[in-house]
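Shown next, in structure tokens, is the structure this report addresses.
In the numbering used here, the protein residues as written are 135 to 431.
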């Protein structure tokens, strides 16, 4: 029972994201002619640990500010409910967050020392985003940007840089695409928490611009992801087989349509949230598969 409680607390389903992001950066490095397993595994561990730290810190502080006491909770928003139900103590959650952060910092130091000091340009911002996401960034209109960079673009850059110390244009395009996807992941999941976030002192795009304008931001970001994919293929920066990433377009349409119906009952909006996470993960997984297939065929 306690093991299952901790699996819910660290939000295991969301830990697929750092693994996918590592795969995106790593497959490009492999395609460019270099791949070493150990740095890849260590960097993946860093990302997973930082993601756990973010998740648990977020749960801890959202319990203290009572945000998660006022949400309509689903699998995608409103917190885990673990602290509100008394299944874990706040101190336990905080200690877990800090322990994961410290281990991630030590592993990052190992990579910086053994691979390249230039990794500090990725590591330092990433750790700042992780540590201060809930207490600073989401309270200053920077939550979506911090998530997009810290759980999107920077991991893709880092996964490549632990293999090859260069930043080619295809890598930049991939990092931008991943940033947009994670930005969207957070943005759509903020729709149902509008009232609770306002009461808890958060400042995000939903509260600043309203649901209608935020839906437009979500839609434009989603369109840009597919435009980057197609542009990269047309310009010869991505293999033609990466076009399989377009297979998630029907899911994207479902998510964007749901964003424009953000005032619907939560049960209906849940389908858009599910399509949202599917777009984020599957688009990038298919992109990796496309790159891998191009190297084989």
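A virtual CB, placed ideally from N, CA and C, is assigned to each residue, including glycine.
Asked: Own chain residues within Cβ distance below 6 Å of residue 159, not counting five before or after; Found: 290, 293, 294
Asked: Rounded straight-line distance, which links the Cα of residue 355 to that of residue 390; Found: 10 Å
Asked: For residue 191, three-class secondary structure by DSSP; Found: helix
Asked: Contiguous alpha helix (DSSP H) assignments of at least 4 residues, all confined to the region 339-384; Found: 339-368
Asked: Residue 416 and residue 385 closer than 9 Å at C-beta; Found: yes
Asked: Opening and closing residue of the alpha helix (DSSP H) in which residue 247 lies; Found: 224-248
Asked: Residue 414 (DSSP reduced to helix, strand or coil); Found: helix
Asked: Integer Cβ distance of residue 428 from residue 375, believed to fall under 8 Å; Found: 5 Å
Asked: For residue 267, the three-state DSSP class (helix, strand or coil); Found: coil
Asked: At least three beta-carbon pairs within less than 8 Å, the region 256-271 to the region 305-314; Found: no
Asked: Sub-9 Å separation of residue 115 and residue 419 beta-carbons; Found: The first residue shown for the chain is 135 and the last is 431, placing residue 115 beyond what the model contains.
Asked: N- and C-terminal bounds of the alpha helix (DSSP H) containing residue 432; Found: Because the chain spans 135 through 431 in this model, residue 432 falls outside it and cannot be assessed.
Asked: Per-residue burial, residue 299 [other beta carbons within 10 Å of its own, 16 or more giving buried]; Found: exposed
Asked: Proximity winner among 163, 182, 268, 424, relative to residue 201 (alpha-carbon distances); Found: 268
Asked: Element boundaries [alpha helix (DSSP H), containing residue 318]; Found: 303-324
Asked: Ranges of the alpha helix (DSSP H) found wholly within the region 143-174, counting only runs of at least 4; Found: 150-165
Asked: Closest by C-alpha distance to residue 253, when choosing among 173, 377, 392, 394; Found: 173
Asked: Neighbourhood of residue 423 by C-beta distance below 7 Å, restricted to the same chain and skipping five residues each side; Found: 378
Asked: Cα-Cα separation between residue 370 and residue 425, rounded to whole angstroms; Found: 13 Å
Asked: Proximity of residue 248 and residue 145 at Cβ, strictly below 9 Å; Found: no
Asked: Other residues of its chain near residue 362: CB distance less than 7 Å, five sequence neighbours each side excluded; Found: 307, 310, 311
Asked: Contacts around residue 440, its chain only, beta-carbon distance under 8 Å, and the 5 residues preceding and following it disregarded; Found: Lying outside 135 to 431, the shown extent of the chain, residue 440 is not represented and no answer is given.
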